[in-house]
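In what follows, a structure is listed as C-alpha cells, so that the remarks can point back to it.
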Amino acid sequence: MRVLPTLQKQRHPLASGASQRRRLAELPLARSFEASLEAAGLFPLTATGIEVLQVNVGRKCNQTCRHCHVDAGPDRTESMSAEVADACLRVLAATTIPTLDITGGAPELHPEFRRLVTTAAALGRRVIDRCNLTITRLPNYRWIPPFLAEHRVEVTASLPYYQPRQTDRQRGDGVFEESIAALRELNALGYGRPGSGLVLNLVTNPVGAFLPPDQQAAERDWKRELERRHGIVFDRLFTLTNMPISRFLQHLEEKGQAGEYLARLAARFNPAAAAGVMCRTTLSVGWDGSLYDCDFNQMLDLPLGDGIPRSILDFDPARLERRTIALGPHCFGCTAGAGSSCGGAVA
1 MRVLPTLQKQ RHPLASGASQ RRRLAELPLA RSFEASLEAA GLFPLTATGI EVLQVNVGRK
61 CNQTCRHCHV DAGPDRTESM SAEVADACLR VLAATTIPTL DITGGAPELH PEFRRLVTTA
121 AALGRRVIDR CNLTITRLPN YRWIPPFLAE HRVEVTASLP YYQPRQTDRQ RGDGVFEESI
181 AALRELNALG YGRPGSGLVL NLVTNPVGAF LPPDQQAAER DWKRELERRH GIVFDRLFTL
241 TNMPISRFLQ HLEEKGQAGE YLARLAARFN PAAAAGVMCR TTLSVGWDGS LYDCDFNQML
301 DLPLGDGIPR SILDFDPARL ERRTIALGPH CFGCTAGAGS SCGGAVA
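At position 12 of the sequence shown (counting the first as 1) the number is 12 in the working numbering, and the numbers step up by one without a gap.
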C-alpha cells in the first residue's frame with residue numbers, strides 16, 4: 001500500500017484514554033461541564049434514542065494527520081473482527097435504526113467494509129462512509145468510488161481547506177492534490193450534483209487552537225472557491241471543532257496551550273448546542289465491539305454508565321436508547337459556539 005507523506009514521526013500508542021482524561025481533569029476551569037449543563041437545565045444529559053449506529057472498524061489509515069483524534073496511521077493494527085461486524089449488522093436488522101455511519105481510520109481498508117455497506121444498504125438503511133479521499137487514489141482501492149455510487153452511499157469526506165497550503169500543513173505534502181483528484185472522480189460519478197441522489201459532504205476543522213468559522217458562511221466560500229478553482233461541487237460543508245484529545249491534546253501540551261484552549265471552549269458554552277449534541281442520538285461501536293456514547297468518548301476509553309450494556313454483543317435497545325451520557329471536560333468541544341458534531345454545527 002502506498003502511504004502518503006506524514007507530518008510527524010508516529011509514536012504509537014499515545015497516552016491511554018485514562019491518562020488523557022486525568023490530564024484534562026487537572027486543567028483549571030471556572031466550572032465543570034456537568035455544572036454548565038446543570039445551569040442550563042440539561043443535567044443529567046440523556047440519550048433520546050438511537051438514530052445513528054456509528055461503527056469504527058479500526059485505526060489503520062494511509063495517512064497520519066496532525067490532529068487526528070483517532071490517532072490513526074499506517075502502522076495501527078486494531079481491526080474489527082467478523083464476529084463484531086456480524087453483531088452490528090444483526091442490530092441493524094433487528095431494529096429501526098435508520099443510519100449506519102462507518103468510520104476508522106480509513107474504513108475502506110477494512111476487509112469487512114464492503115459487506116457492511118452492501119448488507120446495510122440492502123436493509124434500506126442510510127449508509128455513510130467517512131472517507132479521507134486519498135484512499136481512493138491508491139492502486140488497490142480504485143474500486144471505492146464506483147462501489148460507493150452503486151450502493152448509494154453518502155460520502156462525508158474530510159478536507160481541511162480549499163487551498164493546498166493549509167491542507168498539506170495538516171495532512172502531509174501532496175494530500176490536497178490527491179484529494180482534489182478524488183473529488184473530481186466522485187463528481188464524475190454524480191456525487192454532489194443536483195438530482196443525482198448521491199450525497200457528497202465535506203468536513204473541515206481548524207488547523208490551529210481556535211473555533212471553526214460560521215458554517216453557513218464557510219460553506220458559501222468553499223462552494224464558490226472549489227468550483228471556481230477546480231470545477232468541484234458538493235452538497236454540505238460541516239465545520240468541526242478540534243477536540244482536545246489524542247494527537248491534538250499532545251500538540252496543545254507541547255505548545256503550552258492546553259489550559260488556554262479548554263478554557264476558551266468552556267467560555268463559549270452554548271446551551272442550545274448542548275441540547276443538540278450528537279451523543280443523544282448516536283451510539284458508537286469500537287473496533288472490539290465496545291459501546292460508547294460517541295467517537296470521542298471511545299478514544300478516551302470513557303465507558304457507558306453502570307448497568308448499561310457495554311458491548312454490541314449484548315445490545316439492549318431498551319437500556320441504551322434512554323441512557324445517561326458519560327461526560328468529561330472534552331465535552332466542551334461539542335458545545336462551544338455553534339456546537340460541533342459529526343454532522344457539523346448543531347445550533
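Note that CB positions come from ideal geometry on N, CA and C, so glycine has one too.
It should be emphasised that the depicted structure is a prediction, and the values quoted were computed from it without experimental measurement.
| message | If you measure between the beta carbons of N242 and N205, is that distance less than 8 Å? | response | yes
| request: Specify the secondary structure class of T6 as computed by DSSP and reduced to three states. | output: Legend: pLDDT at T6 = 41, less than 50; position of this residue unreliable, no value from coordinates given.
| field | Coarse secondary structure for I102, derived from DSSP in three states | value | strand
| task | List the residues that DSSP assigns as beta-bridge partners of C131. | result | A157
| request: Can you tell me which of the three DSSP states S79 falls into? | output: Reduced to three states, the DSSP call for S79 is strand.
| message | Using only the alpha-carbon positions, how far apart do L37 and A272 sit? | response | Roughly 11 Å between the two C-alpha positions.
| For L304 and L283, the rounded distance between their alpha carbons | When rounded, the distance between both Cα atoms is 10 Å.
| query | Under a three-way DSSP split, which group does Y292 fall into? | reply | strand
| request: Pull up the distance between the alpha-carbon of I97 and that of R90, whole angstroms please. | output: Going from the Cα of I97 to the Cα of R90 covers about 11 Å.
| Option in V127, P145, R125 with minimal Cα separation from T134 | P145
| Within 8 Å, strictly: CB atoms of I245 and Q20 | yes
| What's the call for T402, buried or exposed, on a 16-neighbour Cβ count within 10 Å? | For the chain, the structure presents residues 1 to 347; residue 402 sits outside this window and is missing.
| message | I'd like the list of long-range same chain contacts for A157, defined as Cβ closer than 6 Å, with 5 residues on each side in sequence excluded. | response | Closer than 6 Å at Cβ, skipping near neighbours: C131, L133, L202.
| field | Selection from A149, A106, R268 that minimises the alpha carbon distance to R59 | value | Comparing Cα positions, the closest option is A106.
| Roughly how many angstroms lie between the CA atoms of L123 and T136, to the nearest whole one? | 26 Å
| query | In three-state DSSP terms, what is V203? | reply | strand
| request: Report the residue ranges of all alpha helix (DSSP H) runs contained in full by the segment 219-286; include only those spanning at least 4 residues, in chain order. | output: 246-255, 258-267, 271-275
| said: Judging by CA-CA distance, which residue of L252, A149, M299 is the nearest neighbour of D129? | reply: For D129, the nearest C-alpha among the options comes from A149.
| said: Quick check on this structure: which residue in E178, P111, A266 has the alpha carbon closest to the alpha carbon of L159? | reply: E178
| query | Quick one: any contact between the segment 287-296 and the segment 249-269, if contact means 3 or more CB pairs under 8 Å? | reply | Contact fails: fewer than three Cβ-Cβ distances are below 8 Å.
| message | Using a 10 Å radius around the Cβ and a threshold of 16 neighbouring Cβ atoms, would you call E83 buried or exposed? | response | exposed
| query | Taking the C-alpha atoms as reference points, what is the distance between L100 and C68? | reply | Each residue's alpha carbon lies about 22 Å from the other.
| Residues bridged to D126 [DSSP beta-bridge criterion] | According to the sequence provided, residue 126 is Arg. The question's Asp does not apply to it. For R126, which the question treats as bridged, DSSP gives the partners T99.
| Closest Cα partner of D221 within the set V57, Q163, D301 | Q163
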